[in-house]
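Q: One structure is given below, represented as structure tokens, and several questions about it will come after.
In the working numbering, the protein residues as written are 3 to 221.
Quick look at the structure:
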């Protein structure tokens, strides 16, 4: 039984852009907007665009270069555990849809589901929560996802820009939530590793066997 995971593992993000459109991804997208199908969109971060500011980034691009503002959902996955939809906006230019918002993870393309019925209604409105579908071993992820949902719910009490003016008590609350999420992510990785035999496919989704991929990161 593994009880520890190396610090290097936490340099990598838990979620990744899907490599293919699986049946579970199609099912999640059908639950959100059955009138549309997900499609891969090139990732080309725009000059002057800011992370986590997709709505403003796309509006600025439309003002500068024309085209259209398209809302929908970016699709992410944690192999074997869950797939997730994040409300998002992309730019439609002369060559089609483009994701212009910088990401903190390495991606070449983003899987995007258009959803005109779910517009962005302003920074003072409640944030649209992420949508998820658990996969074959998704039960392992429930405690971690509960901590993420608690953290996201805490953030929803603040309009855009107010996070710069937190009280001392609010800073303490945020640190506690972030700490719980961090510990839960450790527990998740260890539980997922303990569900594997040496010859199983690796938990990272590389397609390689666990013993020649990420096994050395656990002890």
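Positions of the beta carbon are idealized from the N, C-alpha and C atoms, including for glycine. Note that this is a predicted model, so its numbers are computed, not measured.
(1) Can you list, in chain order, the residues of its chain with a C-beta nearer than 8 angstroms to that of residue 196? Leave out the 5 residues immediately preceding and following it.
(2) Which runs of the alpha helix (DSSP H), 4 residues or longer, sit entirely within the region 118 to 149?
(3) Short of 8 angstroms in beta carbon distance, which residues of its chain neighbour residue 192, apart from the five on each side in sequence? Order them along the chain.
(4) Within this structure, are the beta carbons of residue 26 and residue 137 separated by less than 8 angstroms?
(5) Could you pull out every unbroken alpha helix (DSSP H) segment of at least 4 residues lying fully inside the region 69 to 102, listed in chain order?
(6) Given a threshold of 16 other Cβ atoms within 10 Å of its Cβ, counted over all protein chains shown, does residue 60 qualify as buried or as exposed?
(7) For the putative contact between residue 83 and residue 140, defined by C-beta atoms under 8 angstroms, what is the C-beta separation to the nearest angstrom?
(8) Could you tell me which residues DSSP pairs with residue 113 in its beta bridges?
(9) Which residue's Cα is closest to the Cα of residue 198: 76, 181, 217 and 185?
(10) I believe residue 101 touches residue 43 by the beta-carbon criterion, under 8 angstroms. Please report the beta-carbon distance rounded to the nearest angstrom.
(11) For the alpha helix (DSSP H) that contains residue 66, what are its first and last residues?
(12) With the cut-off set at 8 angstroms, would you say residue 89 and residue 75 are in Cβ contact?
(13) Just mark residue 157 as buried or exposed, buried being the case when its beta carbon has 16 or more other beta carbons within 10 Å.
(14) Within 8 angstroms, do at least three Cβ pairs link the region 37 to 56 to the region 107 to 116?
A: Concretely, from the data shown:
(1) 3 and 4
(2) For the region 118 to 149, not a single whole alpha helix (DSSP H) run of length 4 or above is found.
(3) 4, 5, 6, 7 and 220
(4) Contact flag set, yes.
(5) Those alpha helix (DSSP H) runs which fall completely within the region 69 to 102 and span 4+ residues do not exist here.
(6) buried
(7) 5 angstroms
(8) Answer by DSSP bridge pairing, in chain order: 42 and 77.
(9) 217
(10) 5 angstroms
(11) 56 to 67
(12) yes
(13) exposed
(14) They touch, by the three-pair rule.
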